[in-house]
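Asker: Chains as they are written, first to last, in my numbering: chain A, 1 to 431; chain B, 1001 to 1166.
Here it is: the structure, laid out below.
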């Protein structure tokens, strides 16, 4: 029997708190799960710094990847006798679903921002490079790793396949919303996924939803909106993210200045110089990063040491609402005052915006801008969701954005009450 | 603070207006590929390269009053028109930008259809491939747009021209 068709002698199941069970029957999927690159995802948290806000949010990209695989498996099960669906694409979809986050690094959003990297490039490199994953995929057929890479890169010729993994209502989002809700313990994020899966229909180049399933989709959109503001953009999580980003900036800056680290940051050197190899990239997981942070707490450089202590011991920055338009002059004054107070404003006076976040909520957009969610009407016509749903229209029409100013309030409070600088800073910040 | 927003405002300050979000998306991508240091991250989407970060930043700049957005109803869809406001211009005075002049690039792109810019940005997305493979890839991933080899040739000429502007 060809490797691509090989089945395990009996079905394997993973217990899963979100989907109850994740079912594996294909030998290829089982082998992929066993690779070093996939197992590495156990050491990358799905929600990065959110565990400092929601103590349960310790789940990993490994959990999520299995979840996405399971959802796609169930969708395909529903699609198998429907028009527009080619059952030959099944294994490709399952592999792409399982491996879609393979290139994520530790705290990847901050890392990518500071070191100008893109985890998508590393996903491609793992799939196509000299890796265990590539060896398994290559056994399926020559060119199969490239096919999987194309689906994940969203450049595969069959757009229906792509849309299962990546679209406005895809398996990726459906898993992380429910999983993140479960592990953070919030009550948002729940929706009737079974219902959505039942009313999904494959079209030539996209997945659509029967109009009768609109209310289930509304629930999904609501949960996406609430999770965005209540979990992903939580101001305390953002504070941790700000500090993390500043630690990486500081370490890089010190390295470039020739600073003598007590512990040579071996794992970071290629990141500092800008071109980590795949091997170096894969060697850096969250345990390694946290080890360095722990060590850097004792560094001579006061900024690096302070920021690491804040992150490790959760002494985060405080925040206030900030309007960069009306408060521009105040910000410039604060910048000078912080310098005068001995607090480097590049590290201790930070504006964080909602656009700094790697999550979004649903917007129908303009024609040809981005493919929206389409409802399939009884007359077989497609209509964009917000045109039929008042709820979705009202959420997506609301342009909500947010900016906050993060500061080390404890350091300001430590200053003498007789200090004019302190007095003026406090006046600007708190009126 | 908001350096990436400021770069985008610099872009808007180099033209009277930008009509259409799709056009805006493709223009910033093409400029990035012409070595203009915009930092918005792009992924390939149904209609070619698209940046969620750009969408969010534009939304933020609208909410802050730095750019104005006018929504216009078209036959089956909405279209959006963007202009830098006086507040945006004032905000920019606080920044020393290291962007080269963009007005000629923008003028050239504004004169082209969003369909053509979709083609050019898609070609640039696959720029790492050999030229003949790029054409093949465009025909595959953009089959619905029915681009021809002439369109592709025109696209290469356009890219070369844009990159020769200093």
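Cβ coordinates follow ideal geometry from the N, Cα and C atoms, glycine included.
Could you list the residues in the segment 312 to 341 of chain A with a C-beta less than 8 angstroms from some C-beta on chain B, going in chain order?
Answerer: Cβ contacts with chain B come from 323, 324, 325, 328, 331, 332.
Asker: Check the Cβ-Cβ distances between residue 1011 of chain B and every residue of chain A, and say whether any is below 8 angstroms.
Answerer: Taking the first residue of the second chain as 1, we reach residue 1011 of chain B at position 11. Chain A, which has no Cβ nearer than 8 angstroms to the Cβ of residue 1011 of chain B, makes this no.
Asker: Using the Cα positions of residue 342 of chain A and residue 422 of chain A, report the straight-line distance between them to the nearest angstrom.
Answerer: Taking the first residue of the first chain as position 1, residue 342 of chain A is located at position 342. Taking the first residue of the first chain as position 1, residue 422 of chain A is located at position 422. Answer to the nearest angstrom: the Cα atoms are 11 angstroms apart.
Asker: Less than 8 angstroms between the C-beta atoms of residue 1128 of chain B and residue 154 of chain A, yes or no?
Answerer: Locating residue 1128 of chain B in the second chain gives position 128, where the first residue counts as 1. Locating residue 154 of chain A in the first chain gives position 154, where the first residue counts as 1. No.
Asker: Helix or strand or just coil, what does DSSP make of residue 1081 of chain B?
Answerer: Along the second chain, read from residue 1 onward, the residue named residue 1081 of chain B stands at position 81. Residue 1081 of chain B: strand per DSSP, three-state reduction.
Asker: Using 10 angstroms around the beta-carbon of residue 1161 of chain B, count the other beta-carbons present and answer buried if the total reaches 16, otherwise exposed.
Answerer: For the purposes of this step, residue 1161 of chain B is taken as the residue at position 161 of the second chain. Exposed, since its Cβ has fewer than 16 Cβ neighbours within 10 Å.
Asker: Residues of the segment 401 to 418 of chain A in Cβ contact with chain B at a cutoff of 8 angstroms, in chain order, please.
Answerer: The residues in question are 401, 403.
Asker: Just the Cα atoms here: how many angstroms apart are residue 363 of chain A and residue 128 of chain A?
Answerer: Reading the first chain from its first residue, position 363 is the one you call residue 363 of chain A. Reading the first chain from its first residue, position 128 is the one you call residue 128 of chain A. So the alpha carbons of these two residues sit roughly 34 angstroms apart.
Asker: How is residue 353 of chain A classed by DSSP in three states: helix, strand or coil?
Answerer: Counted from its first residue, the first chain places residue 353 of chain A at position 353. In the structure shown, residue 353 of chain A sits in a strand (DSSP, three-state: E or B).
Asker: Output, in sequence order along the chain, the residues in the segment 138 to 163 of chain A whose CB is closer than 7 angstroms to any CB in chain B.
Answerer: The residues in question are 153, 154, 155, 157, 159.
Asker: Should residue 418 of chain A go down as buried or exposed, given a rule of 16 or more other Cβ atoms within 10 Å for buried?
Answerer: Within the first chain, numbered from 1, the residue matching residue 418 of chain A stands at position 418. With fewer than 16 Cβ atoms within 10 Å of its Cβ, residue 418 of chain A is classed as exposed.
Asker: Please return the same chain residues whose Cβ sits closer than 7 angstroms to the Cβ of residue 84 of chain A, not counting the five positions on each side in sequence.
Answerer: As a first step, residue 84 of chain A is located in the first chain; it is residue number 84 there, counting from the start. Excluding sequence neighbours, residue 84 of chain A sits near 160, 202, 203, 204.
Asker: For residue 389 of chain A, which residues in the same chain have their Cβ closer than 7 angstroms to its Cβ, ignoring the five residues on either side in sequence?
Answerer: On the first chain, position 389 is the one that residue 389 of chain A refers to. Once the five neighbours on either side are set aside, the close Cβ partners of residue 389 of chain A are 214, 218.
Asker: According to DSSP, what are the bridge partners of residue 375 of chain A?
Answerer: Taking the first chain and counting its residues from 1, one reaches residue 375 of chain A at position 375. A/209, A/383.
Asker: Going along the segment 1058 to 1084 of chain B in order, which residues come within less than 8 angstroms of chain A, judged by CB to CB distance?
Answerer: Answer set for the segment 1058 to 1084 of chain B: 1059, 1060, 1062, 1063, 1064, 1065, 1066, 1074, 1076, 1077, 1078, 1079, 1080.
Asker: What number of angstroms, rounded off, separates the C-alpha of residue 20 of chain A from the C-alpha of residue 88 of chain A?
Answerer: Mapped onto the first chain, residue 20 of chain A falls at position 20. Mapped onto the first chain, residue 88 of chain A falls at position 88. Cα to Cα, residue 20 of chain A sits roughly 27 angstroms from residue 88 of chain A.
Asker: Only counting the same chain, and skipping five residues up and downstream in sequence, which positions put a Cβ closer than 7 angstroms to that of residue 424 of chain A?
Answerer: Working through the first chain from its first residue, we reach residue 424 of chain A at position 424. For residue 424 of chain A, where only same-chain residues beyond five positions count, the Cβ hits under 7 angstroms are 337.
Asker: Distance check for residue 350 of chain A and residue 1001 of chain B, CA to CA, integer angstroms please.
Answerer: Counting from one through the second chain, the residue named residue 1001 of chain B turns up at place 1. Counting from one through the first chain, the residue named residue 350 of chain A turns up at place 350. So the alpha carbons of these two residues sit roughly 8 angstroms apart.
Asker: Quick one: Cα of residue 357 of chain A to Cα of residue 93 of chain A, how far?
Answerer: Translated into the one-based positions of the first chain, residue 357 of chain A becomes position 357. Translated into the one-based positions of the first chain, residue 93 of chain A becomes position 93. Their Cα atoms are separated by approximately 28 angstroms.
Asker: Consult DSSP for residue 273 of chain A and reduce its assignment to one of helix, strand or coil.
Answerer: Translated into the one-based positions of the first chain, residue 273 of chain A becomes position 273. DSSP places residue 273 of chain A in coil when its eight states are reduced to three.
Asker: Whole-angstrom Cβ separation of residue 220 of chain A and residue 169 of chain A, contact assumed at under 8 angstroms?
Answerer: For this step, residue 220 of chain A is matched to residue 220 along the first chain. For this step, residue 169 of chain A is matched to residue 169 along the first chain. That pair is a contact at about 7 angstroms.
Asker: Given a threshold of 16 other Cβ atoms within 10 Å of its Cβ, counted over all protein chains shown, does residue 134 of chain A qualify as buried or as exposed?
Answerer: Looking up residue 134 of chain A in the first chain gives position 134. Buried, because 16 or more other Cβ atoms sit within 10 Å of the Cβ of residue 134 of chain A.
Asker: Since residue 1001 of chain B meets chain A, which of its residues come closer than 7 angstroms, beta carbon to beta carbon?
Answerer: Stepping through the second chain from its first residue, residue 1001 of chain B is reached at position 1. The contacting residues are 324, 331, 351.
Asker: Just verifying my parser: in three-state terms, what is the DSSP assignment at residue 362 of chain A?
Answerer: The count along the first chain starts at 1 and reaches residue 362 of chain A at position 362. Of the three classes helix, strand and coil, the one that applies to residue 362 of chain A here is coil, per DSSP.
Asker: Which residues, in order along the segment 368 to 382 of chain A, keep a beta-carbon less than 7 angstroms from a beta-carbon of chain B?
Answerer: Within the segment 368 to 382 of chain A, the qualifying residues are 368, 369, 370, 371.
Asker: Might you give, ordered along the chain, the residues of its own chain that have their beta carbon closer than 6 angstroms to the beta carbon of residue 249 of chain A, omitting 5 neighbours on each side?
Answerer: Position 249 of the first chain, counted from the first residue, corresponds to residue 249 of chain A. Correct list, in chain order: 114.
Asker: Do residue 1138 of chain B and residue 1117 of chain B count as a contact pair if the criterion is CB distance below 8 angstroms?
Answerer: Here residue 1117 of chain B refers to the residue found at position 117 of the second chain. Here residue 1138 of chain B refers to the residue found at position 138 of the second chain. No, they are not a contact pair.
Asker: DSSP on residue 60 of chain A, reduced to helix/strand/coil?
Answerer: In the first chain, residue 60 of chain A corresponds to position 60, counting from 1. The answer is strand: DSSP assigns residue 60 of chain A an E or B state.
Asker: With burial defined as no fewer than 16 other Cβ atoms inside 10 Å of the residue's Cβ, what is the status of residue 172 of chain A: buried or exposed?
Answerer: On the first chain, position 172 is the one that residue 172 of chain A refers to. With 16 or more Cβ atoms within 10 Å of its Cβ, residue 172 of chain A is classed as buried.
Asker: Which same chain residues, not among the five before or five after residue 56 of chain A, have their C-beta less than 7 angstroms away from its C-beta?
Answerer: Residue mapping note: residue 56 of chain A aligns to position 56 of the first chain, counting from 1. Correct list, in chain order: 183, 184, 185.
Asker: Starting from the beta carbon of residue 1025 of chain B, find every residue of chain D whose beta carbon is closer than 8 angstroms, and list them in chain order.
Answerer: The structure shown contains no chain D; its protein chains are A and B.
Asker: Could you tell me if residue 332 of chain A is buried or exposed, where buried requires 16 or more neighbouring beta carbons within 10 angstroms of its beta carbon?
Answerer: For this step, residue 332 of chain A is matched to residue 332 along the first chain. It is exposed - the Cβ of residue 332 of chain A has fewer than 16 other Cβ atoms within 10 Å.
Asker: Under 7 angstroms Cβ-Cβ, which residues of chain A neighbour residue 1053 of chain B?
Answerer: Here residue 1053 of chain B corresponds to residue number 53 of the second chain, with the count starting at 1. Those are 355, listed as they occur along chain A.
Asker: When the Cα atoms are used, what is the spatial distance from residue 309 of chain A to residue 297 of chain A?
Answerer: Here residue 309 of chain A refers to the residue found at position 309 when the first chain is read from its first residue. Here residue 297 of chain A refers to the residue found at position 297 when the first chain is read from its first residue. Spanning the two alpha carbons is a distance of roughly 5 angstroms.
Asker: Is it the case that the Cβ atoms of residue 259 of chain A and residue 301 of chain A are separated by a distance below 8 angstroms?
Answerer: In the first chain, residue 259 of chain A corresponds to position 259, counting from 1. In the first chain, residue 301 of chain A corresponds to position 301, counting from 1. In this structure, residue 301 of chain A lies closer than 8 angstroms to residue 259 of chain A by Cβ.
Asker: Look up residue 1089 of chain B in the DSSP assignment and say whether it is helix, strand or coil.
Answerer: Within the second chain, residue 1089 of chain B is the residue found at index 89, counting from 1. Residue state, collapsed to three classes: helix.
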